[in-house]
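Each remark here refers to the structure printed beneath this line.
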Amino acid sequence: MKKKILLLFVLGTNTLLSQNLTLSTNTSLTVNNNSNLFISGNMTNNGTITLNSVSNSYSSLIINGTATGNVNYKRTVNAYTDNSNNDDNDLVSAPVSGQTFGAFSSNSDNNNLLASGTLRAFAPFDK
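Going by the numbering used here, the sequence shown opens with residue 22, and the numbers climb by one from there.
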C-alpha cells in the first residue's frame, strides 16, 4: 500500500501553504478564523473542508490551480437589529471566482443575508 504524505508549511502566524491538496473520503480539514490556506497547485476534495469566521475575523482559501469538491464557508454576518446604530449591514460577495452574486444570494444556505423579498441591500461589483 502506498502512503501519501500531506505537507503543509506554516508561513507567518496563521497561514498554511500546500503544493497540491487531496482530501480522501471521510476526512476533514478546518481553516479557523484569522487563518489562510494557499494551494499553489490543485485541490481535490472528497472529504469535508470548512472555512470558519467570527464577526471580525475571517478565513480564506486560495487555489492557483483547479479545484474539485465542495467547501463549506461559515461566514458570520450581522443580524437585523432595527436600532439607530446602523450596525446590521455586512458587505459580502460571492466567495467563488466566477460565481454571480445572484446565484450566491439566492442559494437557500444563504438565507441569513438581509433582504426585502428578492432585493438585497448590496449589489454585485465589477471592476
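Note that beta-carbon positions come from the ideal geometry of N, C-alpha and C, so glycine has one too.
So who's on the other strand from residue i, going by DSSP bridges?
i, result
"T89", "T65"
"V52", "L72"
"T43", "T65"
"N57", "T36 and S81"
From residue i to residue j, what does the alpha carbon distance come to, in whole angstroms?
i, j, result
"L28", "L42", "For L28, the predicted model reports a pLDDT of 49, less than 50, meaning its position is unreliable; a value from the coordinates is still stated below. The alpha-carbon atoms of L28 and L42 are separated by roughly 9 Å."
"L37", "T71", "15 Å"
Please determine, among the options, the residue with the shortest C-alpha to C-alpha distance to residue i.
i, options, result
"N67", "N55, G119, V92 and G86", "V92"
"S49", "T65, S78, V113 and S118", "T65"
"L82", "V75, G123, S45 and N55", "N55"
My understanding is that residue i touches residue j, with C-beta atoms under 8 Å, so please give their C-beta distance in whole angstroms.
i, j, result
"S80", "N53", "6 Å"
"N57", "N35", "7 Å"
Can you tell me where the alpha helix (DSSP H) with residue i in it begins and where it stops?
i, result
"G119", "Per DSSP, G119 belongs to no alpha helix (DSSP H) and is neither H nor E."
Is any heavy atom of the ligand FMN found at a distance shorter than 7 Å from the C-beta of residue i?
i, result
"T43", "As far as ligands go, the structure on display features none, and thus does not contain the ligand FMN."
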